[in-house]
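So the structure is just underneath, and the comments pick up after that.
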Amino acid sequence: MTRRTILILTGLAIADFFLSLWIGQQAYNWMPPQASAESMLVDNLFSFMTTIGSFIFFGVTGTLVYSILFQRAAKYDSSDGPPIEGNVKLEVVWTAIPVLLVIWIGTFSYQTYDRMAILGPMEHMAMGMPSATAAPLDAPDEPASPIKVYARQWAWEFHYPDQNVSSTELHLPVNERARLLLSSEDVLHGFFVPAFRVKQDVVPGREIDFEFTPIREGRYRLRDSEYSGTYFAANQTNVVVESAADYQHWLAEAADTPLAPAQNVAYEEFNRANENAIDLGWETVKPAPAPVVNYASSEEDTHE
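Read in the working numbering, the sequence shown has 290 at position 290, and its numbers run on one by one without any break.
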């Protein structure tokens, strides 16, 4: 290999490196606004993996393009190439580099998940992880009781035990550690707020401690990330992150509001579909009745 070739390949590798870094930084713009402390960690991990993936992609593609342009056989040359046997050094290199990359990515991913500490101490112990690793991100004093989250086909319900308030809209104070206790009344559901970058399966028969820290006021969308039946796409609601004063004001207002049935989109769609439905003998899951709560989410307000 000539000196000129080495310089060209080195220049291309440097260009690949800086192009990959730039693409990795652009990855931050591909996500919703960062609305939780965990979202910053997840976006850093995603940017890191995008950078590595881009470097490999452009490196492989660039090598193919270089070979096509500069390593072609002469016109009308149909002879065989030179017989080349295995190169031990090359085989060691192309085996060692992927192994080191996998270890690097795996270590970074584990450290990110460990710093997020989205599962409470009991869940960490159930997974065989020491509770000392579950220290949340700059968490203040934890509230006395977690918010109970009930998932069902197909509605979300949130119960604040200290104030005895029930709601179909999740309200959280900004910059305070949110503690939830997730449970499902029927099948597997998924608690997923894209702006928070947190997701947790809600498993029937289990109560799961779940934690995160909202850092940006606003209205966000909670979605059911698991296919839990016909109307699972309608299993959405609002998450409101507000100041501590506004949060306490909302709790006080909700506590003074009498219980009433909330709007249930899945139940309404099911009834409309059955009005003129043709009976084909297929089993259909009837949505659970509308939750009876102090405060109901407005389904018309769906923006993030």
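We treat Cβ as the ideally placed atom computed from N, Cα and C, and that holds for glycine. In this text, all values refer to a predicted model and were calculated from it rather than measured experimentally.
Beta-bridge partners of residue i, as assigned by DSSP
| i | result |
| --- | --- |
| ALA260 | VAL293 |
| ILE173 | First, the residue type needs correcting, since residue 173 is Pro and not Ile in the sequence shown. Answer is GLU242. |
| GLN236 | ARG223 |
| GLY190 | ASP201 |
| ARG152 | ALA155 |
Among the options, nearest to residue i - alpha-carbon criterion
| i | options | result |
| --- | --- | --- |
| GLN163 | VAL293, PRO32 and PHE18 | VAL293 |
| ILE56 | HIS171, LEU12 and PHE212 | LEU12 |
| SER243 | LEU9, PHE58, TYR76 and GLU176 | GLU176 |
| GLY62 | PHE17, PHE46 and ALA35 | PHE17 |
| VAL174 | ILE68, TRP104, ARG216 and LEU119 | ARG216 |
| TYR150 | LEU21, ASN44 and GLU207 | GLU207 |
| GLU169 | GLU275, PHE270 and LYS148 | LYS148 |
| THR257 | THR5, GLU268, PHE270 and ALA296 | ALA296 |
| ARG152 | ILE103, PHE158 and SER184 | SER184 |
| ARG272 | PRO287, ASP77, GLU283 and TRP22 | PRO287 |
| ALA27 | THR2, ILE14, SER54 and ARG4 | SER54 |
| SER36 | HIS189, SER78, ALA178 and ASN235 | ALA178 |
| TYR247 | ASN87, LEU172 and GLU268 | LEU172 |
| ASP201 | ASN87, LEU64, ASN29 and LEU119 | LEU119 |
Distance CB(residue i)-CB(residue j) smaller than 8 Å
| i | j | result |
| --- | --- | --- |
| ALA262 | PRO291 | yes |
| TYR220 | VAL203 | no |
| MET116 | LEU41 | yes |
| PHE210 | GLU38 | no |
| VAL187 | GLY229 | yes |
| SER20 | PHE70 | no |
| LEU251 | TYR110 | no |
Whole-number beta carbon distance between residue j and residue i, since they are thought to touch under 8 Å
| i | j | result |
| --- | --- | --- |
| TYR306 | PHE270 | The question about residue 306 has no answer here: the residues shown for the chain are numbered 1 through 304. |
| ASN307 | ALA155 | Nothing about residue 307 can be reported from this structure: the residues present for the chain run from 1 to 304 only. |
| ILE52 | LEU101 | 7 Å |
*asked:* Within 8 Å, do at least three Cβ pairs link the stretch 153 to 168 to the stretch 1 to 20?
replied: no
*Is the stretch 216 to 236 touching the stretch 42 to 59 in the sense that three or more CB pairs, one from each, lie closer than 8 Å?*
no
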